[in-house]
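Engineer:
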Amino acid sequence: MSIQEFVAPHSLSEAKSLLADGAMASVLAGGTDLLVGVRLGTRSPERVVDLKKIPELTAISVDAEALHIGAAASAFSILHDSDVPSFFPGFAEALDLIGSTQIQGRCSAGGNLCNASPAADSIPALIANGAQCVITGPAGDHQMPVEDFVLGPSKNALKEGELLVALILPRPSSQTADAYLRLTPRTEMDIAVAGVGVSLTLDGEGTCTAARVSIGAVAPTALLVEAAGAALIGTQLEATAIEAAVAAAREAACPISDKRGTAEYRTHVVGVLVARAIAQAQARIVEASS
Amino acid sequence: MNAYQEFSIIGSRPIRPDGLDKVTGRARYGADLNMQGQIYGYIVRSPHAHAIIQSIDCSQALAMEGVLAVMTGEDLPVPGDSVLGSGEGAIALKDLSPMVMSQGKVLFHAQAVAAVAATSPELAAEAAALIAVSYQVLPAVTNMHEALGADAPILHADRFPDGFPEEPTNLAAHISLEVGEPDAAFERADVVIEQTYSVPMCHQGYIEPHACVARVDAAGRVDLWCSTQGHFTVAQYTAALTGIDVGKVKVTASEIGGGFGGKTTVYLEPVAVVLAQKSGRPVKMVMDRGDVFRVTGPAPGAQTRVKLGAMKDGQLVAADVECVMDSGAYNGNPAGIPAFMATACYKLTNARSTGRAVYTNKPKIHAYRAPSVPQVTLGFELAMTELAAELGMDPLAFRLKNAVEEGDVNMMGAPYKRIGLRECLEVASTHAHYKAPVAEGEGRGVAAGYWINAGLQSSATLNVLSDGHLSILTGSPDIGGSRASMALMAAEVLGIPFEHIHPQIAATDAVGHCDVTGGSRTTLATGQAVIQAAEQCVAEMCRRAAAEWEVEAVVVTWSQGAAHYGEQSLTFEALARRAGTMGGPLTFSSSLTASSAAPSFGVHICDAKVDKETGRTTITRYTVIQDAGKAIHPAYVEGQMQGGAAQGIGWALNEEYLYDEHGALQNPGFLDYRIPVASDLPFIDTVIVEVPNPLHPFGVKGVGEVPIVPPMPAVAEAVYRSAGVRLRDLPLNPPKIVAALQEQ
Ligand SMILES: Cc1cc2nc3c(=O)[nH]c(=O)nc-3n(C[C@H](O)[C@H](O)[C@H](O)COP(=O)(O)OP(=O)(O)OC[C@H]3O[C@@H](n4cnc5c(N)ncnc54)[C@H](O)[C@@H]3O)c2cc1C
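Sequence order for the protein chains is A and B.
Counting from 1 along the first sequence, just add 284 to a position and that's the residue number in this note's numbering.
Counting from 1 along the second sequence, just add 611 to a position and that's the residue number in this note's numbering.
#1: Mind checking which residues open and close the alpha helix (DSSP H) that includes ALA1327(B)?
#2: Beta-carbon of TYR464(A) versus every beta-carbon of chain B: anything under 8 Å?
#3: Give the residues from the stretch 468-490 of chain A that approach chain B closer than 8 Å (Cβ to any Cβ), ordered along the chain.
#4: Do you know how far the Cα of LEU312(A) is from the Cα of LEU410(A)?
#5: Using a 10 Å radius around the Cβ and a threshold of 16 neighbouring Cβ atoms, would you call MET1357(B) buried or exposed?
#6: Using a Cβ cut-off of 9 Å, pull out every chain B residue sitting near GLY354(A), in sequence order please.
#7: Are there three or more Cβ pairs, one per stretch, closer than 8 Å when the stretch 1054-1061 of chain B is compared with the stretch 1158-1172 of chain B?
#8: By the three-class DSSP mapping on this structure, what secondary structure does ARG1132(B) have?
#9: Tell me the residue span of the alpha helix (DSSP H) that contains PRO1345(B).
#10: Report yes if the CB atom of PRO1196(B) is closer than 8 Å to the CB atom of ARG470(A), and no otherwise.
#11: On the DSSP bridge assignment, give the partners of LYS895(B) in chain order.
#12: I'd like the span of the alpha helix (DSSP H) that includes PRO709(B), first residue to last.
#13: Closer than 7 Å: is that where the CB of ALA355(A) sits relative to any heavy atom of ligand 3?
#14: Check whether the Cβ of THR326(A) lies closer than 8 Å to any Cβ atom in chain B.
#15: What residue does the alpha helix (DSSP H) around HIS1044(B) start on, and which one ends it?
#16: Rounded to whole angstroms, how far is the Cβ of ILE1299(B) from the Cβ of VAL1248(B), which I believe are closer than 8 Å?
#17: Going by alpha carbons, who is nearest to ILE1260(B) out of VAL655(B), ALA1098(B) and GLN815(B)?
#18: Mind checking MET710(B): buried by the 16 CB within 10 Å criterion, or exposed?
#19: Looking at the secondary structure, which residues open and close the beta strand (DSSP E) in which CYS1125(B) lies?
#20: So is the beta-carbon of ASN1013(B) under 7 Å away from any non-hydrogen atom of ligand 1?
#21: Any heavy atom of ligand 1 within a distance shorter than 7 Å of the CB on SER297(A)?
#22: Within its chain, find whatever has a CB closer than 8 Å to the CB of ALA701(B); leave out the 5 residues flanking it on each side and keep chain order.
#23: Rounded to a whole number of angstroms, what is the C-alpha to C-alpha distance between ARG1154(B) and MET1097(B)?
#24: Would you say PRO793(B) reaches chain A, if we count a Cβ-Cβ gap shorter than 8 Å as a contact?
#25: Listed in chain order, which residues of the stretch 888-908 of chain B have Cβ atoms closer than 8 Å to some Cβ of chain A?
#26: Can you give the beta carbon distance from GLY421(A) to GLY445(A), rounded, assuming they're within the 8 Å contact cut?
#27: So, under 8 Å CB-CB, GLN986(B) and MET936(B) are touching, yes? Tell me the CB distance rounded to an integer number of Å.
#28: Tell me which residues of the stretch 1214-1245 of chain B have at least one Cβ-Cβ distance to chain A shorter than 8 Å, keeping chain order.
#29: For ALA795(B), which of HIS661(B), ARG963(B), PRO911(B) and THR875(B) has the nearest alpha-carbon?
#30: Using a 10 Å radius around the Cβ and a threshold of 16 neighbouring Cβ atoms, would you call GLY1240(B) buried or exposed?
#31: Go through its chain and collect everything with a Cβ distance to ILE948(B)'s Cβ below 7 Å, but skip five positions before and after it.
#32: Could you tell me whether the Cβ atoms of MET712(B) and GLY691(B) are closer together than 8 Å?
#33: Which whole runs of the beta strand (DSSP E) in the stretch 462-486 of chain A are 3 residues long or more, in chain order?
#34: What are the boundary residues of the alpha helix (DSSP H) that includes MET1252(B)?
#35: Establish whether the CB of ARG544(A) and some CB of chain B are separated by less than 8 Å.
#36: Determine which residues of the stretch 730-742 of chain B have a Cβ less than 7 Å from any Cβ of chain A, and write them out in chain order.
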């Protein structure tokens, strides 16, 4: 069955009722996953609900506590018309890795998350930064951490009729920085063989006081590797601490061997990226405070 | 001695006549034509890689509202033993027909088994799902080494290559050549090396998928539009495959979005014609990207064992090459070329060369830029580099010491005429790239390459227009800027402005026969037809001017776009305007079977840096040096050199066909079939060497194919030098490099 109906509501309440009346509906943010799926025959919604005309869903704002990113805000607007890159250079780099300029003009962080690909680039960066999902639906609004949102490949925690409204990233201190690195055989237009998001906080002496490490493309979902963060906290990020974080990430990884790389390779390379991402986040903090 | 020694416009770089339409999106490609009343064809494909078709039931599909025709293999004639074409281009109908539609048996996954035409593409797809095919599934083999094993499933129980016992195997062809006494020469050699190298099956990777529209008129005449490298070949193949007289088939070539050899055959066209015949409506067919990868194109994977012997002073004394090539499910003839051409760059009077082709449950292989030569050259050139290192010689100096030159004889037996390998090697040795020290952590590789180049049949018609402009009609689809070259060659002979010349690709009923745009032959052969027709035009114009001046034609000269005698002159434009009263329209045609083809050689230099932790390779600097004979339009010669290098780099690093255990292709798309993107490549520097081809009036040699020959061995050596670990099995992707480094 092909698409029967395309609706572009102007308000969240309208969108909610369009999703709740029982029709086989899919929401469309940028459509860069959805439309590819329709063409491949893996998705066959009867109704498509476009989110881009709903102001809350494309808004980006900063307050004293956090950054709020509308779920359908395009990667381009996040990268070029907001403060996000200055607060979260790693998350911005993750978005900037998605597709090409044309793709970035359409695609959203919310879509990247809801699509729930194990290899999605922005998800490890969101997890590393402790991002929360704002969800609305027939049963009202609620929030959950990004690491709990993705349940498996193409499976997210949204219930029937629910919608991701925004992503909330706690505002980082001046002693906090993030980094995101991925490995692809090509430089662009490729899919992560492994991805790593790291967020670090250092005190004035260079001691790590908080750390979150998230790994992507090496398990059915992006993982928060708490043991890797724990291995760093309280250290000066010396070689042994980084080795321990690398080992914890490799331990947590449970990749498959497929056309994109062997399990051995993915496990190896996710460790390489953890070490490099830690070094990059650390360098960002040092640079910002010098 | 070339007929033309000095040039006024040849060698300049005007903007191609087809450029503006291409960059503004107006150019019409295969899928851009729609015919009034057209319906849409859709192909039902086998879910199995090897099976007997027990039955096909189309009744439910045919009963659907909006479905106007169905077809199966039964609608095509049985191929029998007939052969199409001759010589190099010959192909048995039994190897071609099943690539269009299977008859009774499928030998690879996604092979066509039936087709349906309906009033919309969606409806056609829905109807296709209702066609019920029952299969008896057979075991499949996709690995060519396993296919040669004793217990492998046999693909063709009725085929025995010449000279082999009459028991079926999967050996498709076997050819063995020998010159001199290689065994004795190896005994004599100071240093002998022997290694085995391999390359995976890959795809040409053209951006434009196959597409066509076919219409059959009330008298049964076919009007076919498609994306192709050779519409005369499409007409011939389509006629033979459908049983329609070729005289009733007219084919028009669309603009083409890449082919690289892969569009020198037919897949959809005969199906669209049969569906159009049956439905009485024009039928349009467009292949999707997945099917382009699954059922068209692939270039054979190959394994090459190379044994080389040399004296301490660097003289090469013996070679023994054995190349096993994957032919896919039918005979794509990949074995002969490596056997004949493996040693073509070097003076070798004692050599043995063997080529074998193997049937596997994969699509039949097809031509890809210098077909089969890059695969065998990976082995031969990398072995040359390894041997140079053992001898303690510079790899270019070692090649220069052994490089072929005029008078040398290769395995094909004919002595070389004036060739440019030595010149290319000399330019490479002194090039700034080669002189520059290798950067820290990087490695450098060099390699040479050879390609024979084709001549074949070409035609051109020149029509002088009444305002002094000129239209050029040829039957050679333009895949690399050849229209610009045709206009330049005519402008050179006629002395009229490039902008006044309008080159076009005419349909099969509007110009004389042209073989495919392939074998790097178009600028050489079709160009020669244009030159000859332009020379006829000059002769006729001089004759008319002579008549006007009442003098003998021989005393009239032609220069700067005008006929001259003494103080008198008549311009091209004046003669064009007055054609009606001076003898009638000025139209000139020339056709030939070109015997002017000459081989081309290239030398590539590659610097690469391997990230030893991740195994990723970055190509940091790349230079292509190539003999073009005479570069008609240097920018498009450079474009060929750069494009060939880019494709070779992709094949070396990441491109690879990956099959699952059931014989289904796992990476049928550009996401997982990784051709390089622009940011993966450095600027590819080029040096055009010009050693004129003595057989061609302008000195042209083919340039399109040889640039894909040297990259794999050049990249492989650069990777070895940077990573410190030698890999002889391509592609050199990150997991493979990391695994090799960890093993070390
Ligand atoms: C050429 C190309 C290259 C790409 N490269 C990359 C890459 O490098 N890295 C990468 O990670 N991805 C890549 N992608 C995938 C894709 O672009 C990203 O996942 C993108 O972020 C998806 O965003 P979107 O807004 O287009 O999503 P859409 O296609 O609009 O939506 C994706 C899915 O999420 C659902 N959805 C969207 N928004 C919401 C919402 N607010 N609430 C509930 N459900 C929602 C949709 O129904 C759909 O199922 C690429 C895609 C293409 C076509």
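Each residue gets a CB set at the ideal place from its N, CA and C atoms; glycine is no exception.
Everything numeric in this text was worked out from a predicted model, so none of it was measured.
Structural biologist: Looking at the atomic coordinates:
#1: What you label residue 1327(B) is simply residue 716 of the second sequence in a count that begins at 1. Element bounds for ALA1327(B): 1322-1334.
#2: By one-based count along the first sequence, residue 464(A) stands at place 180. Contact with chain B is absent for TYR464(A), since none of that chain's Cβ atoms lies less than 8 Å from the residue's Cβ.
#3: For the stretch 468-490 of chain A, residues whose beta-carbon sits nearer than 8 Å to a beta-carbon of chain B comprise PRO469, ARG470, THR471, GLU472, MET473, ASP474, ILE475 and VAL477.
#4: Translated into positions along the first sequence, residue 410(A) becomes position 126. Translated into positions along the first sequence, residue 312(A) becomes position 28. When only Cα atoms are considered, LEU410(A) and LEU312(A) end up about 21 Å apart.
#5: The structure shown does not extend to residue 1357(B), since chain B is modelled only from 612 through 1355, so no value can be given for it.
#6: For this step, residue 354(A) is matched to residue 70 along the first sequence. Near GLY354(A) there are no residues of chain B at all, since even the closest Cβ is about 28 Å away, more than 9 Å.
#7: No, because fewer than three Cβ pairs between the stretch 1054-1061 of chain B and the stretch 1158-1172 of chain B fall closer than 8 Å, the two stretches do not touch.
#8: Position 521 of the second sequence holds residue 1132(B). In this structure, ARG1132(B) counts as coil in the three-state DSSP scheme.
#9: By one-based count along the second sequence, residue 1345(B) stands at place 734. Residue range 1345-1354 is occupied by the alpha helix (DSSP H) that includes PRO1345(B).
#10: Residue numbering aside, residue 1196(B) sits at position 585 when the second sequence is read from its first letter. Residue numbering aside, residue 470(A) sits at position 186 when the first sequence is read from its first letter. Contact: no.
#11: Residue 895(B) sits at position 284 when you count from the first residue of the second sequence. Residue pairing by DSSP places LYS895(B) opposite TYR651(B) and VAL824(B) in a beta bridge.
#12: Position 98 of the second sequence, counting from 1, holds the residue named residue 709(B). Counting along the chain, the alpha helix (DSSP H) containing PRO709(B) begins and ends at 704-711.
#13: Of the ligands this structure carries, namely ligand 1, none is ligand 3.
#14: Here residue 326(A) is taken as the residue at index 42 of the first sequence, counted from 1. Chain B, which has no Cβ nearer than 8 Å to the Cβ of THR326(A), makes this no.
#15: Numbered from 1 along the second sequence, position 433 holds the residue referred to as residue 1044(B). That run of the alpha helix (DSSP H) goes 1043-1046.
#16: Within the second sequence, residue 1299(B) is the residue found at index 688, counting from 1. Within the second sequence, residue 1248(B) is the residue found at index 637, counting from 1. Distance from ILE1299(B) to VAL1248(B) at the Cβ level is roughly 6 Å; contact confirmed, criterion being Cβ atoms closer than 8 Å.
#17: Here residue 1260(B) corresponds to residue number 649 of the second sequence, with the count starting at 1. Among VAL655(B), ALA1098(B) and GLN815(B), the Cα nearest to that of ILE1260(B) is on GLN815(B).
#18: For the purposes of this step, residue 710(B) is taken as residue 99 along the second sequence, with counting starting at 1. By the neighbour-count rule (16 or more Cβ atoms within 10 Å), MET710(B) is buried.
#19: Here the question's residue 1125(B) lines up with position 514 in the second sequence. Looking at the DSSP string, CYS1125(B) is not in any beta strand (DSSP E), and its letter there is neither H nor E.
#20: Counting from 1 along the second sequence, the entry for residue 1013(B) is found at position 402. No; taking the cut-off as 7 Å, the Cβ of ASN1013(B) has no heavy atom of ligand 1 nearer than that.
#21: Taking the first residue of the first sequence as 1, we reach residue 297(A) at position 13. False, no ligand heavy atom lies under 7 Å from that Cβ.
#22: On the second sequence, position 90 is the one that residue 701(B) refers to. Short of 8 Å from the beta carbon of ALA701(B), and not among the five residues preceding or following it, lie these beta carbons of its own chain, in chain order: VAL694 and LEU695.
#23: By 1-based counting over the second sequence, the position of residue 1154(B) is 543. By 1-based counting over the second sequence, the position of residue 1097(B) is 486. Near 25 Å, if we compare the C-alpha coordinates of MET1097(B) and ARG1154(B).
#24: Taking the second sequence and counting its residues from 1, the one referred to as residue 793(B) is at position 182. For PRO793(B), no CB of chain A lies under 8 Å from its own CB, so it is not counted at the interface with that chain.
#25: From the stretch 888-908 of chain B, no residue has a Cβ closer than 8 Å to chain A.
#26: The residue given as residue 421(A) occupies position 137 in the first sequence. The residue given as residue 445(A) occupies position 161 in the first sequence. Contact flag correct, Cβ pair sits at about 5 Å.
#27: Within the second sequence, residue 986(B) is the residue found at index 375, counting from 1. Within the second sequence, residue 936(B) is the residue found at index 325, counting from 1. 7 Å between Cβ atoms; contact.
#28: Cβ contacts with chain A come from GLU1224, THR1225, GLY1226 and ARG1227.
#29: For the purposes of this step, residue 795(B) is identified with residue 184 of the second sequence, where counting begins at 1. Residue ARG963(B) is the option with its Cα nearest to ALA795(B).
#30: Residue numbering aside, residue 1240(B) sits at position 629 when the second sequence is read from its first letter. That one is buried.
#31: For this step, residue 948(B) is matched to residue 337 along the second sequence. Hits under 7 Å: PRO982, SER983 and VAL984.
#32: Position 101 of the second sequence, counting from 1, holds the residue named residue 712(B). Position 80 of the second sequence, counting from 1, holds the residue named residue 691(B). No, these two residues do not count as a Cβ contact at 8 Å.
#33: Fully enclosed beta strand (DSSP E) runs of 3 or longer: 478-486.
#34: Looking up residue 1252(B) in the second sequence gives position 641. In the DSSP assignment, MET1252(B) falls within the unbroken alpha helix (DSSP H) covering 1245-1264.
#35: Here residue 544(A) corresponds to residue number 260 of the first sequence, with the count starting at 1. The beta carbon of ARG544(A) sits closer than 8 Å to some beta carbon of chain B.
#36: Within the stretch 730-742 of chain B, the residues whose Cβ lies closer than 7 Å to some Cβ of chain A are GLU733, listed in chain order.
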